[in-house]
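Chemist: In numbering that gives the first Met the number 0, the protein residues as written are 0 to 314.
Built from N, CA and C at the ideal position, the CB exists for glycine as well.
Quick caveat: nothing in here was measured; it's all calculated off a predicted structure.
Have a look at this one before I ask anything.
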Amino acid sequence: MSVSLTGAGGLGTPLARWVFVLVWVCSVWADCVTENSPPLTPLLALAYALGLVGGLLLTTPGAAPLSRSHATCLPLISLTMVAVVLAHADRVSGFETVYFATYLVAFAIPRGNPVAGVVGSVLVIGYASLWAMINGAAAPEIAELLGVPIGCLIAGIVWALTLRWIVGQERHHRSEEGRAAQRTAASMVAVATAQQESATIRAEIAALMEGIIDGTEIDNPLRVQLIRTEAAIRDRITVPHLQDSELVRVVADLREKEVTVVVLGEPSMDRSEVDDALITRLIEVLSEVDSGRITVRSLPPGEACRAQRGDPATG
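So this is what it looks like as structure tokens:
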């Protein structure tokens, strides 16, 4: 649903403007050609012209509500039209331009100007009711005169409420779509990351596995190499957030020196959750080790990374 169809109740479109112009022409024509039509005076012609101005104001192009000045003009135009038309009347009912005047204010409600719409409608209905009672109109005549204005007011309110509900549902649906798209994107990133990790791991072990398959003897140096490769792969899986290139190199160098390095942590942690200063400090600590056993443990966010060497010294 486009903004032009929701932001202004559809009344800010060229189609709505042409419809109101057509309705205005029909209303004026109907009031001018009936058998009991009042003579066309300059004041009455001005009232008819104000109706066209009001229709053009109501259908001002755009998806936003009317400006305060335009919205304020609509009740004034409608009330002036009704007052002038009824002042020239010699009958109680059947005034199409009175009905058109109520359209201008009633449809200001779905346009996004509810105060101007409700106040204008109440003024028009109130003035027409007072005029009918002063002129001794019977109940059926009053009902005919006020039926359309009251109906337009109700329709405008219902239109606005319905449109608000529709827009709310549409926004909720789009927000759900947005969240679903974010979840899908996150899943795709996770899958791509996993595929990349798998490719990296395969590249690390491919040569060793091919050699074993080809019959290479598993001697002590090969066993050591296999153990170190397994440890490096285990580190990639269990502590992906500690896969800093310099840190990985330092750990590999220690294992080449036959230092036992055990790295523990939370696989769910992200690299962004580990401060660069902490990585730098960890590299400094590990660089001082030349023998024995050291355990590096990455704690949850908010806690430090610990490196424990041997038993019980802590680095």
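#1: Please tell me whether residue 59 and residue 80 are closer than 8 Å, where the distance is taken between their beta carbons.
#2: Within 10 Å of its beta-carbon, does residue 279 have 16 or more other beta-carbons around it, so buried, or fewer, so exposed?
#3: Which whole-angstrom value is the C-beta distance of residue 117 and residue 124, which I expect to be below 8 Å?
#4: In the DSSP assignment, find the unbroken alpha helix (DSSP H) run with residue 262 in it and report its ends.
#5: Spatial neighbours of residue 85 within its chain, please: C-beta separation below 6 Å, excluding the five flanking residues on both sides.
#6: Where do the ends of the alpha helix (DSSP H) carrying residue 278 lie?
#7: List the endpoints of the continuous beta strand (DSSP E) containing residue 297.
#8: Using the Cα positions of residue 255 and residue 223, report the straight-line distance between them to the nearest angstrom.
#9: Mind checking whether residue 78 and residue 47 have CB atoms under 8 Å apart?
#10: Where do the ends of the alpha helix (DSSP H) carrying residue 99 lie?
#11: Whose CA, out of 258, 17, 29, lies closest to the CA of residue 52?
#12: Where do the N-terminal and C-terminal ends of the alpha helix (DSSP H) with residue 243 fall, by residue?
#13: Note down, in chain order, each residue of its chain lying with its Cβ closer than 7 Å to the Cβ of residue 243, except the 5 sequence neighbours on either side.
#14: Express the C-alpha separation of residue 171 and residue 82 in angstroms, rounding to a whole number.
#15: If we count the other Cβ atoms within 10 Å of its Cβ and call it buried at 16 or more, is residue 72 buried or exposed?
#16: From what residue to what residue does the alpha helix (DSSP H) around residue 79 run?
#17: I think residue 8 touches residue 103, with their Cβ atoms under 8 Å apart; what is that distance to the nearest whole Å?
#18: Quick check on this structure: which residue in 94, 180, 238, 133 has the alpha carbon closest to the alpha carbon of residue 27?
#19: Can you tell me whether DSSP reads residue 39 as helix, strand or coil?
#20: Do residue 228 and residue 261 have their beta-carbon atoms positioned less than 8 Å apart in this structure?
#21: Measure the C-alpha to C-alpha separation of residue 99 and residue 175 and round it to an integer number of angstroms.
#22: From the DSSP output, in three-state form, read off residue 161 for me.
#23: Taking only the alpha-carbon atoms, compute the straight-line gap between residue 119 and residue 173 and give it to the nearest angstrom.
Modeler: Short version:
#1: The residue labelled residue 59 in the question sits at position 60 within the sequence shown. The residue labelled residue 80 in the question sits at position 81 within the sequence shown. It is not a contact, given that the beta carbons lie outside the stated cut-off.
#2: Residue mapping note: residue 279 aligns to position 280 of the sequence shown, counting from 1. Residue 279 should be labelled exposed.
#3: The count along the sequence shown starts at 1 and reaches residue 117 at position 118. The count along the sequence shown starts at 1 and reaches residue 124 at position 125. No, residue 117 and residue 124 are not in contact; Cβ-Cβ is about 11 Å, not under 8 Å.
#4: Residue mapping note: residue 262 aligns to position 263 of the sequence shown, counting from 1. Unbroken run through residue 262 is the beta strand (DSSP E), 259-263; no alpha helix (DSSP H).
#5: Stepping through the sequence shown from its first residue, residue 85 is reached at position 86. Correct list, in chain order: 130.
#6: Here residue 278 refers to the residue found at position 279 when the sequence shown is read from its first residue. Residues 275-286.
#7: In the sequence shown, counting from the first residue as 1, residue 297 sits at position 298. Here the beta strand (DSSP E) through residue 297 covers 292-297.
#8: Reading the sequence shown from its first residue, position 256 is the one you call residue 255. Reading the sequence shown from its first residue, position 224 is the one you call residue 223. Taking the straight line joining both Cα atoms gives about 9 Å.
#9: The residue given as residue 78 occupies position 79 in the sequence shown. The residue given as residue 47 occupies position 48 in the sequence shown. No. Outside cutoff.
#10: Indexing the sequence shown from 1 puts residue 99 at position 100. First-last of the alpha helix (DSSP H) with residue 99: 95-105.
#11: For the purposes of this step, residue 52 is identified with residue 53 of the sequence shown, where counting begins at 1. Ranking 258, 17, 29 by Cα distance to residue 52 puts 17 first.
#12: Translated into the one-based positions of the sequence shown, residue 243 becomes position 244. Looking at the DSSP string, residue 243 is not in any alpha helix (DSSP H), and its letter there is neither H nor E.
#13: Taking the first residue of the sequence shown as 1, we reach residue 243 at position 244. Contacts found: 278.
#14: Residue numbering aside, residue 82 sits at position 83 when the sequence shown is read from its first letter. Residue numbering aside, residue 171 sits at position 172 when the sequence shown is read from its first letter. Roughly 45 Å separates the two Cα atoms.
#15: Within the sequence shown, numbered from 1, the residue matching residue 72 stands at position 73. Under this definition residue 72 is a buried residue.
#16: Indexing the sequence shown from 1 puts residue 79 at position 80. That run of the alpha helix (DSSP H) goes 67-86.
#17: Here residue 8 corresponds to residue number 9 of the sequence shown, with the count starting at 1. Here residue 103 corresponds to residue number 104 of the sequence shown, with the count starting at 1. Not a contact, Cβ separation roughly 14 Å.
#18: Reading the sequence shown from its first residue, position 28 is the one you call residue 27. Checked all of 94, 180, 238, 133; the closest Cα to residue 27 is 94.
#19: Locating residue 39 in the sequence shown gives position 40, where the first residue counts as 1. DSSP places residue 39 in coil when its eight states are reduced to three.
#20: What you label residue 261 is simply residue 262 of the sequence shown in a count that begins at 1. What you label residue 228 is simply residue 229 of the sequence shown in a count that begins at 1. No, Cβ-Cβ distance for residue 261 and residue 228 is not below 8 Å.
#21: Mapped onto the sequence shown, residue 99 falls at position 100. Mapped onto the sequence shown, residue 175 falls at position 176. Approximately 42 Å, taken between the alpha carbons.
#22: On the sequence shown, residue 161 is found 162 positions in, with the first residue counted as 1. Helix at residue 161.
#23: Walking along the sequence shown from the start, residue 119 turns up at place 120. Walking along the sequence shown from the start, residue 173 turns up at place 174. Computed Cα separation, rounded: 36 Å.
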